[in-house]
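Sequential numbering from 59 applies to the sequence shown in the working numbering.
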Amino acid sequence: MEPVLTAGASRQRALLVNRYAMPFAVMTVCLAVALGNPEGLTGRISIGLLVFGAVFNVAANRYIEASADASSKFLHIRMWVNLACNAAIVWMLGGYWTPAWLLLALTPIAAAIYSTAGETLFLSIVVSVILLARHAVRGSGTPLEWGEQACYAAFIILGSLMVHGLRREGEMQPPR
59 MEPVLTAGAS
69 RQRALLVNRY
79 AMPFAVMTVC
89 LAVALGNPEG
99 LTGRISIGLL
109 VFGAVFNVAA
119 NRYIEASADA
129 SSKFLHIRMW
139 VNLACNAAIV
149 WMLGGYWTPA
159 WLLLALTPIA
169 AAIYSTAGET
179 LFLSIVVSVI
189 LLARHAVRGS
199 GTPLEWGEQA
209 CYAAFIILGS
219 LMVHGLRREG
229 EMQPPR
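Dropping the structure here:
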């Protein structure tokens with residue numbers, strides 16, 4: 059049986075995830091727009107989503123820090139808002155900047171830090187399906203391209219489960 063995180067532990071982990079994930083997302087999107095040179099409104103919309111996500115996460119962190127009542131429901135809402143923004147950005151910038159797919163890995167890795175194994179697995183599969191659907195919609199691709207996408211999807215699923223397993227191992231260690 060999986061140990062249940064206390065509300066305080068979940069809040070602290072949510073703050074920790076944001077401390078590292080947000081700068082990575084900002085860097086990834088800025089590099090995608092600056093170096094990938096997306097056409098039309100794609101770059102502007104991507105930056106707009108990035109700014110929205112950053113403001114949303116800073117405000118969410120302030121709420122989490124200030125509120126002893128920051129529920130797991132709020133953490134889940136934040137997780138799904140981030141996934142929606144990251145999925146939209148990857149959908150738009152993925153053709154201009156190959157590392158954009160890493161944005162999709164952030165949400166299930168975050169879930170691995172403060173959610174259950176089942177939720178982590180579900181979210182990582184959803185994200186992998188989004189990644190593969192994007193590739194299918196953009197064109198059939200060569201076997202090499204499909205192999206790359208399959209590796210990305212496997213990383214998202216297995217990497218998230220590994221992080222979750224490491225987190226659980228750490229919880230089971232006796233305090234020093």
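We treat Cβ as the ideally placed atom computed from N, Cα and C, and that holds for glycine.
- Query: So Gln-231 is in the alpha helix (DSSP H); what residue range does that whole segment cover?
  - Reply: Judged by DSSP secondary structure, Gln-231 falls outside any alpha helix (DSSP H); it is assigned neither H nor E.
- Quick one: Cα of Leu-63 to Cα of Leu-99, how far? Its pLDDT being 49, under 50, Leu-63 is placed unreliably in this model, and the value from its coordinates should be taken loosely. Taking C-alpha positions only, Leu-63 is separated from Leu-99 by approximately 42 Å.
- Query: When you compare only the Cα positions, how much space is there between Glu-60 and Leu-151?
  - Reply: Reliability of the predicted coordinates at Glu-60 is poor, the pLDDT of 48 falling under 50, and the value obtained from them is presented with this limitation in mind. In a straight line, the C-alpha of Glu-60 is about 38 Å away from that of Leu-151.
- Query: Cα separation between Ile-214 and Glu-203?
  - Reply: In this structure, the CA atom of Ile-214 is about 17 Å from the CA atom of Glu-203.
- Cβ contact (3+ pairs, closer than 8 Å) linking the stretch 114-125 and the stretch 152-169: As far as the Cβ criterion goes, the stretch 114-125 does not touch the stretch 152-169, which means the pair count is below three.
- Could you give the uninterrupted runs of the alpha helix (DSSP H) lying entirely in the stretch 158-195, keeping only those of 4 residues or more? Qualifying alpha helix (DSSP H) stretches, in chain order: 160-172.
- Query: Whose C-beta lies closer than 8 Å to the C-beta of Val-19 among residues of the same chain, with five residues either side of it excluded?
  - Reply: Because the chain is modelled from 59 through 234, residue 19 falls outside the range shown and cannot be assessed.
- Report yes if the CB atom of Val-91 is closer than 8 Å to the CB atom of Ser-104, and no otherwise. Yes, Cβ-Cβ distance for Val-91 and Ser-104 is below 8 Å.
- Item | Whether Thr-165 touches Leu-181 by CB criterion (8 Å) | Yes; because the gap between Cβ atoms is below 8 Å, this pair is in contact.
- Helix, strand or coil at Pro-96 [DSSP, three-state]: In the three-state reduction of the DSSP assignment, Pro-96 falls in the coil class.
- Message: Using the three-state DSSP reduction, which class does Tyr-78 fall into: helix, strand or coil?
- Response: Helix at Tyr-78.
- Query: What three-state label does DSSP hand Ser-104 in the structure shown?
  - Reply: Helix, per DSSP.
- Rounded to whole angstroms, how far is the Cβ of Val-185 from the Cβ of Leu-141, which I believe are closer than 8 Å? Contact flag correct, Cβ pair sits at about 7 Å.
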